[in-house]
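Colleague: Residue numbers (this note's numbering), protein chains in the order written: chain W, 2 to 251; chain L, 3 to 314. Glycine included, C-beta positions come from ideal geometry on N, C-alpha and C. These numbers come from a predicted model, not from an experiment.
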Amino acid sequence: MEKILVCIKRVIDYNVKIRVKPDETGVVTEGVKMSINPFDEIALEEALRIKESGDASEVIVVSIGPDDSQQQLRTGLAMGADRAVLIKHDEEIEPLTVAKALSEIVEKEKPGLILMGKQAIDDDCSQTGQILAQLCSIPQATFVSQVSIDGDTATVVREIDQGLETLEIDLPAIITTDLRLNEPRYVKLPDIMKAKKKTLDVIESSEMETDFSSSIEVISVTPPPPRESGVMVEDVDQLFTALKEKGLMS
Amino acid sequence: MSKVLIVADHFDGSLLTSTSKAVNCATEISEDIDILVLEKDSIISPQASKIDSVKNVLSISDEAFEHPIASSMAPVVAEIANDYDCILLPSTTFGRDLAPRISAILDVNQVTDIMSVEGPRLFKRPIYAGNAIQTIKVAEDKKILATVRTASFKELGNSNNANVIDTDMPTVEIPSHTKYGGVQSEKTERPDLQVASTVISGGRGVGSAENFELLYELADKLGASVGASRAAVDAGFVPNDMQVGQTGKIIAPELYFALGISGAIQHIAGIKDAGTIVAVNKDADAPIFEIADIGIVADLFEFIPELISKID
Chain W
2 MEKILVCIKR
12 VIDYNVKIRV
22 KPDETGVVTE
32 GVKMSINPFD
42 EIALEEALRI
52 KESGDASEVI
62 VVSIGPDDSQ
72 QQLRTGLAMG
82 ADRAVLIKHD
92 EEIEPLTVAK
102 ALSEIVEKEK
112 PGLILMGKQA
122 IDDDCSQTGQ
132 ILAQLCSIPQ
142 ATFVSQVSID
152 GDTATVVREI
162 DQGLETLEID
172 LPAIITTDLR
182 LNEPRYVKLP
192 DIMKAKKKTL
202 DVIESSEMET
212 DFSSSIEVIS
222 VTPPPPRESG
232 VMVEDVDQLF
242 TALKEKGLMS
Chain L
3 MSKVLIVADH
13 FDGSLLTSTS
23 KAVNCATEIS
33 EDIDILVLEK
43 DSIISPQASK
53 IDSVKNVLSI
63 SDEAFEHPIA
73 SSMAPVVAEI
83 ANDYDCILLP
93 STTFGRDLAP
103 RISAILDVNQ
113 VTDIMSVEGP
123 RLFKRPIYAG
133 NAIQTIKVAE
143 DKKILATVRT
153 ASFKELGNSN
163 NANVIDTDMP
173 TVEIPSHTKY
183 GGVQSEKTER
193 PDLQVASTVI
203 SGGRGVGSAE
213 NFELLYELAD
223 KLGASVGASR
233 AAVDAGFVPN
243 DMQVGQTGKI
253 IAPELYFALG
263 ISGAIQHIAG
273 IKDAGTIVAV
283 NKDADAPIFE
293 IADIGIVADL
303 FEFIPELISK
313 ID
């Protein structure tokens with residue numbers, strides 16, 4: 002295939018402790034380390050491996066978000082993507098809107114394969130890939146832990162609740178990636194320098210056909226109910242007593 | 003009153019309890035609840051008709067539903083959904099795979115992972131792996147389409163006898179671009195991490211892959227599943243399908259043992275909803291003790307064998 006499109010999202014780094022804003026409008030992002038959504042990073046790694054094995058000639062990374070998302074796209078370029086596209090939009094948007102905007106990019110670029118993470122670790126929605134697949138009338142394989150490309154089809158293994166499911170899908174298709182698929186490469190300094198010269202196109206969301214409004218309103222964001230403070234015990238016997246008090250052991 | 007449609011989750015001839023949990027969520031929205039069963043033969047529909055609070059079971063039997071292919075089911079669900087105000091699916095891999103395709107066809111925003119119903123159109127859902135809770139409202143003039151977080155709702159009783167209505171396959175186009183190649187179930191005798199009521203997890207403190215055998219032994223005594231922290235996975239002690247945490251599996255067992263796990267943020271995100279957390283670590287300052295319900299400062303290799311020997 003000619004092109005692989007990889008969709009990445011800028012999210013709070015997975016190692017950062019999430020703090021809810023006192024006014025309950027969201028979580029604190031000021032001064033917080035941001036990264037590529039870890040599942041999207043796995044998607045990008047897979048795309049690069051497919052290209053390196055000779056099954057694709059170009060890897061394009063795309064993101065939707067504020068201007069700062071250019072940092073994550075640059076990281077994607079440093080990992081090895083050939084060029085990047087940012088759909089610049091400052092407000093938070095729902096997956097349906099994201100997928101509609103991405104479908105405009107798909108229509109323009111006509112990739113043979115679209116890869117993205119199975120979910121973003123901020124809103125945990127796990128919707129965008131599937132919506133995009135339906136909007137483009139193409140197959141989907143979600144939660145994927147193995148991919149092999151064979152001409153116009155792909156054979157994938159999905160991690161479902163009951164075990165490992167195998168699907169054979171016609172290309173073009175959308176694959177959403179799970180943790181076990183691969184281990185993303187580390188970016189080396191020379192690659193970061195090289196990435197600065199690669200193309201990064203910015204499209205204003207207002208220039209797109211997609212309607213960026215939403216029918217879901219976020220009323221509040223609050224911290225989860227705190228856990229009651231625990232007790233320390235001295236030995237196994239005291240542990241048994243404590244568990245029995247909670248009705249957890251007979 | 004609004005009409006609710008639940009899409010049944012089933013596997014290998016059995017209705018899954020996740021369906022009943024989704025019905026339980028629906029009872030907080032309406033009393034008018036139907037289940038849609040898409041299957042090859044009418045095996046699942048009678049099982050669905052037993053779930054308490056269900057009014058009708060719409061049964062569509064068709065070759066297209068021999069296997070749960072989301073692209074085949076979505077156009078059918080979307081067609082049936084015309085007569086309903088609210089469509090719910092369990093937030094299992096089945097529901098998460100299928101629901102967004104319905105969202106695309108109906109052109110309505112989907113709510114993922116309802117954890118509580120606060121009003122007819124007001125829901126709570128976890129974000130950041132449960133580190134924050136979002137309260138959201140679905141616009142009045144829109145259908146509600148949502149997945150239901152199964153850990154938040156209990157299974158209902160099975161003493162109902164709802165109407166089973168054999169329903170014609172709607173005339174929609176079923177794509178042929180996806181071929182099913184079977185499911186390989188994990189060979190382990192231990193319960194699945196996501197459904198086990200007790201989970202034993204090990205961290206870097208376990209020290210080696212060989213030492214994990216002790217955890218398996220303890221797990222088998224308790225009928226528990228075994229998980230691991232990212233540190234243990236990164237150290238190569240266990241495969242990464244055992245990883246519990248924000249980027250691994252998010253679980254909510256009744257009883258959770260964190261053995262030799264320091265308690266990194268990303269691990270805690272995966273176990274926040276556990277009923278009781280027992281932490282064992284030789285480092286008294288390990289952050290895991292801040293969230294544990296019961297903590298013991300001890301050497302794992304003395305503690306675990308003693309625990310095993312004292313379980314009947």
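Since L:Leu-7 and L:Asp-36 should fall inside the 8 Å C-beta cutoff, what is the C-beta to C-beta distance between them, to a whole number of angstroms?
Modeller: 5 Å
Colleague: Please tell me whether L:Lys-223 has its Cβ less than 8 Å away from any Cβ of chain W.
Modeller: no
Colleague: What residues of chain W sit near L:Lys-144, judged by a beta carbon separation below 7 Å?
Modeller: Ser-216
Colleague: Counting only Cβ pairs nearer than 8 Å, list the residues of chain W close to L:His-179.
Modeller: Ile-139, Pro-140, Ile-170, Asp-171, Ala-174
Colleague: Give a yes or no on whether 8 Å exceeds the smallest Cβ distance from L:Gly-272 to chain A.
Modeller: The chain labelled as chain A is not found among the protein chains of the depicted structure, namely W and L.
Colleague: Could you tell me the boundaries of the beta strand (DSSP E) in which L:Tyr-258 lies?
Modeller: Its beta strand (DSSP E) spans residues 257–261.
Colleague: So the alpha helix (DSSP H) W:Phe-1 belongs to, where does it begin and stop?
Modeller: The requested residue 1 of chain W does not occur in the structure, where chain W is confined to residues 2 to 251.
Colleague: Please classify W:Ser-207: does DSSP put it in a helix, a strand, or coil?
Modeller: helix
Colleague: Give the range of the alpha helix (DSSP H) segment to which W:Gly-77 is assigned.
Modeller: 70–80
Colleague: Within the 8 Å Cβ cut-off, does W:Asn-183 reach chain L?
Modeller: no
Colleague: Can you find at least 3 beta carbon pairs, one from the region 141–153 of chain L and one from the region 110–125 of chain L, that sit closer than 8 Å?
Modeller: A contact is defined here as three or more CB-CB pairs under 8 Å, and the region 141–153 of chain L meets this definition with respect to the region 110–125 of chain L.
Colleague: Report the residues of the region 251–269 of chain L with a CB closer than 8 Å to any CB of chain W, ordered along the chain.
Modeller: Glu-256, Leu-257, Ala-266, Ile-267, Gln-268
Colleague: Looking at the structure shown, is W:Pro-173 part of a helix, part of a strand, or coil, going by DSSP?
Modeller: In the structure shown, W:Pro-173 sits in coil (DSSP, three-state: anything other than H, G, I, E or B).
Colleague: Any beta carbon from chain W within less than 8 Å of L:Pro-172's own beta carbon?
Modeller: no
Colleague: Starting from W:Ala-142, trace the beta strand (DSSP E) in both directions and tell me its first and last residue.
Modeller: Element bounds for W:Ala-142: 141–151.
Colleague: Could you tell me the alpha carbon to alpha carbon distance between W:Met-1 and L:Val-208, rounded to whole angstroms?
Modeller: Here chain W covers residues 2 to 251 and nothing more, so residue 1 of chain W does not appear.
Colleague: Could you please give me the residues that DSSP links to L:Arg-127 through a beta bridge?
Modeller: L:Gln-136
Colleague: Within 10 angstroms of the Cβ of W:Gly-130, are there 16 or more other Cβ atoms? Answer buried if so, exposed if not.
Modeller: buried
Colleague: In the DSSP assignment, find the alpha helix (DSSP H) that holds L:Ile-53 and state where it starts and stops.
Modeller: Note, L:Ile-53: premise wrong, no alpha helix (DSSP H); not H, not E.
Colleague: When the Cβ atoms of the region 198–215 of chain L are set against those of the region 173–182 of chain W, are three or more pairs found closer than 8 Å?
Modeller: no
Colleague: Is the beta carbon of L:Val-201 sitting closer than 8 Å to the one on L:Ala-226?
Modeller: yes
Colleague: Which whole-angstrom value describes the C-beta separation of W:Leu-74 and W:Leu-201, a residue pair presumed to lie in contact below a C-beta threshold of 8 Å?
Modeller: About 6 Å separates the beta carbons of W:Leu-74 and W:Leu-201, which is inside the 8 Å limit, making them a contact pair.
Colleague: Quick check on L:Val-6: does DSSP put it in helix, strand or coil?
Modeller: strand
Colleague: So the candidates are L:Ile-46, L:Ser-105, L:Pro-70; which of them puts its Cα closest to the Cα of L:Glu-81?
Modeller: L:Ser-105
Colleague: Can a CB atom of chain W be found closer than 8 Å to the CB of L:Phe-305?
Modeller: yes
Colleague: With L:Ser-61 as the anchor, note down where its alpha helix (DSSP H) starts and where it stops.
Modeller: Run containing L:Ser-61: none in the alpha helix (DSSP H); it sits in the beta strand (DSSP E), 58–63.
Colleague: Look at the alpha carbon of L:Ser-61 and the alpha carbon of L:Asp-109, and state the distance between them as a whole number of angstroms.
Modeller: 25 Å
Colleague: Please report the straight-line C-alpha distance between L:Gln-136 and W:Val-63, rounded to a whole angstrom.
Modeller: Roughly 27 Å separates the two Cα atoms.
Colleague: Indicate whether the contact test is met: 3 or more Cβ pairs, each with one atom in the region 218–235 of chain W and one in the region 291–301 of chain L, closer than 8 Å.
Modeller: yes
Colleague: Rounding to the nearest angstrom, what Cα-Cα distance links L:Ile-317 and W:Gly-66 in this structure?
Modeller: Residue 317 of chain L falls outside the range modelled here, since chain L spans only 3 to 314, and no answer is possible.
Colleague: In three-state DSSP terms, what is W:Arg-159?
Modeller: strand
Colleague: Under 7 Å Cβ-Cβ, which residues of chain L neighbour W:Tyr-15?
Modeller: Gln-248, Thr-249, Gln-268
Colleague: Taking the beta carbon of W:Ile-132 as the centre, do at least 16 other beta carbons fall within 10 Å, making it buried, or is it exposed?
Modeller: buried
Colleague: Hey, quick one: how far does the alpha helix (DSSP H) through L:Glu-191 stretch, first residue to last?
Modeller: Secondary structure note for L:Glu-191: it is in no alpha helix (DSSP H), with a DSSP letter that is neither H nor E.
Colleague: Got a sec? Which residues, its chain only, sit under 7 Å from W:Phe-241 by beta carbon, not counting five neighbours each side?
Modeller: Met-250
Colleague: What distance in whole Å lies between the Cβ atoms of W:Ile-61 and W:Asp-41, which are believed to be in contact at a cut-off of 8 Å?
Modeller: Their Cβ separation, rounded to whole angstroms, is 13 Å, which puts W:Asp-41 and W:Ile-61 out of contact at 8 Å.
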